[in-house]
Amino acid sequence: MPTEGVFIRPSGQKTFIPLENNPEVFTSLVHDLGVSPELGFYDVYSLDDASLLSTVPRPVLALIFITPAEMYFAVRKQDGTTVSPEHLTYDKSGDDEPVLWFQQTIGHACGLMALLHSGFFLDGLLHETTPLKPVERAAALYNNEELEKKHMKAARTGTSQPPEASEENHFHFISFVKGKDGHLWELEGATDGPLDRGLMREGDDVLSEGALDMGIRKFLKVGNGNVNFSIVALAKKPAE
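Position one of the sequence shown corresponds to residue 1 (full-length UniProt numbering), numbered consecutively onward.
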């Protein structure tokens, strides 16, 4: 039986209540997934104001960018990137991958996918999914009841009234991480594999100027002043 609140579409697709784009919700969920309490998420209020940027602990290990649909699709069109391909051509797994990528097959699970793409896994899930091909890997996530329960628990927290799983959602969650090859990778489950945004300078993190120019600023440029987005950063909590 699906967890309470999970919606099954007429197509049969399992659909979750979306996560609120809130660093407290993200932090609570990843700790529930077993991640070190030393790690947490922080709002990024500006990409240009040095005083606001200084409030984000460094180095930043991942950025999650929440973008409205029009900004998202403008960049996908600009890049010639296929969205929700009928058949995947990406077929890497295990040591062949500089980053671990998951195809999204659960509705409204964009926030959960962004957390997974930032490196957060249940005990055993990383070991189980790393050697799998993308289609089998997606199925392992789809059928993981513990992950479903933890997501739905987190989706009911936050500062706003959570929408029903059956409601439409017009935002996309994208994760930016530095791969083991030193490249900036853009990860979300609706593309045909991870997107390589280029080689980062040695010592740079994903909130560096170079990484922002290769990643998030591409979206802001096509947004033409649209401010209906948000950014959260994953970093180690500063010592008290």
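For every residue, glycine included, the Cβ atom is placed at its ideal position computed from N, Cα and C. As the structure is a computational prediction, the values presented were derived from the model and not from experiment.
- Pairing Phe171 with Pro23 gives a Cβ-Cβ distance that is not under 8 Å.
- Rounded to whole angstroms, Ala190 and Val99 show a C-alpha spacing of 16 Å.
- By DSSP's assignment, Asp43 forms a beta bridge with Val232.
- Assignment of Lys149 by DSSP, reduced to helix, strand and coil, places it in the helix class.
- Less than 8 Å divides the Cβ of Leu122 from the Cβ of Leu33.
- When beta bridges are read from the DSSP output, Trp185 appears opposite Val177 and Asp196.
- Going by C-alpha positions, Arg9 is about 13 Å away from Ile17.
- A Cβ-Cβ separation of about 16 Å leaves Lys178 out of contact with Pro57 under the 8 Å criterion.
- A distance below 7 Å between beta-carbons, with the five flanking residues on each side excluded, links Leu116 to the following residues of its chain, in chain order: Phe102.
- Put simply, of Asn21, Leu199 and Ala62 the residue whose alpha carbon is nearest the alpha carbon of Ser230 is Asn21.
- Annotation for Ala62: the continuous beta strand (DSSP E) segment containing it runs Val60 to Pro68.
- Here Gly225 is exposed. Its C-beta has fewer than 16 other C-beta atoms within 10 Å.
- In this chain, the alpha helix (DSSP H) harbouring Arg137 covers Pro134 to Tyr142.
- Of the candidates Gly40, Thr3, Glu209 and Tyr90, Gly40 places its Cα closest to the Cα of Leu234.
- Taking a cut-off of 8 Å on C-beta distances, the stretch 204-216 touches the stretch 58-67, as three or more cross pairs fall below it.
- Here Gln78 is exposed: its Cβ has fewer than 16 other Cβ atoms, across all protein chains shown, within 10 Å.
- Inter-residue distance for Val206 and His87 is about 30 Å (C-alpha atoms, whole angstroms).
- In this structure, the straight-line span from the alpha carbon of Val83 to that of Leu125 is close to 26 Å.
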